[in-house]
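Comments concern the structure below.
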Amino acid sequence: MAALGNGDELSVIEESEDAGVDDIETLPLQDNKTKKKRKGPALRKAPQAPKRFKSSYICFFMAKQSEIKKELGESASIESVSKRSSELWRSLSQEERKDWNDIAAKDKQRFLDEKKAYIGPWKVSSRRQKKDPAAPRRPMSAFLFFSVGKRKELSEKNPDMKNTGISRILGQMWRSLTDNERRPFVQKEKDEREKYTAAMKAWKQKKEEDKQKVRSNTPLGFPPGMNLSFMFHGPYAARLGCPPTAYPFAANAKQPIVLSPTGMPHWKPPSQVTKIIPLPANQPQLNLAIFDDMMPPDPSFD
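Residue numbers (the UniProt record's numbering): 1 to 302.
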């Protein structure tokens, strides 16, 4: 077989004694590049959205979970607890299941009522929003307060141990503490959380006050350097989208209509304009005395 490339196609010629033009078989080239589909932002359920209703079996499982754990032992795995719960559920009669069906029906009605009243989003982006660096920092938990001092000791005694191993040992040490031994760390967490709550309240209040200041300091109406006279006599007039003959002032106006070479309005100053179209001489002039009383013409146009 001999292959001849020709543009976007591949010609395959069968080598034989009777090979001729009719023996040429044309095959299209295959594009190895596969188009990758753009993935949208990852979404998750909105935390404030109504929680979906539970089935009758889930209601039964959640109610009996603690009893099953006592029966199997606190060290029982979730698989064994689920298996035992399934066995108990299958052993129930239809009359015994009726109570759980009623509980599930009430929960479903609760969900439908909340769904009807809910007006927020159901899905939100899973990406975390950037935290404001000026916001108060969250307090540490009691376990973290306990770990701060102990982690350094364990690292010095076990220099070759990884952080995951040290964290595992710290967790075991924390679980082995009595309530009296945990009390100082729990109290420290409580004190720090109260400080954080007060600081967060003050920070939110200050943030709202800053927003109000920005709103109150923002002037309404025309931007700085622009008034009603500028609207009729300056480059802003070209943005009105009317032909030059429609503008209500004469050819001796202080500022002609400014257009770009393509005839479209722009925001460049007159010194950079490459094409200026004056008003026609027969354009009637509008008496702007009423506007001049309210907003005198901008002296920059004199």
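Cβ atoms here follow ideal geometry from the backbone N, Cα and C, with glycine treated the same way.
Of all the options the options, which has the alpha carbon lying nearest to the alpha carbon of residue i?
i	options	result
A198	P139, Q212, E71	P139
C59	L72, S80, N101	N101
I119	A46, Q205, Q212	A46
T164	S141, R151, R52	R151
K116	K190, R52, E192, K211	R52
V124	Q48, S216, K201	Q48
residue 312	E153, M200, Q172	No answer is possible for residue 312: the residues shown for the chain start at 1 and end at 302.
R97	F61, K162, K130	F61
To the nearest whole angstrom, what separates the beta carbons of residue i and residue j, a pair I think is in contact under 8 Å?
i	j	result
P50	E114	4 Å
I68	S85	6 Å
W203	P121	At roughly 26 Å, the Cβ-Cβ gap does not stay under 8 Å, so W203 and P121 are not in contact.
K206	F145	About 28 Å; that fails the 8 Å criterion.
In the DSSP assignment, find the unbroken beta strand (DSSP E) run with residue i in it and report its ends.
i	result
L43	43-45
Assuming contact is defined by CB atoms lying nearer than 8 Å, are residue i and residue j in contact in what I supplied?
i	j	result
S126	L43	yes
A104	S55	yes
V81	L72	yes
A142	V214	no
S147	L170	yes
Which residue marks the beginning of the alpha helix (DSSP H) containing residue i, and which one marks its end?
i	result
K123	First-last for K123: 123-125, but that is the beta strand (DSSP E), not the alpha helix (DSSP H).
F53	Careful: F53 lies outside any alpha helix (DSSP H) and carries neither H nor E.
L144	142-157
D99	94-117
K131	Run containing K131: none; DSSP gives neither H nor E here.
Q172	163-175
E79	78-91
Does the ligand MG have even one heavy atom less than 7 Å from the beta-carbon of residue i?
i	result
K83	The ligand MG is not part of the structure shown, which contains no ligands of any sort.
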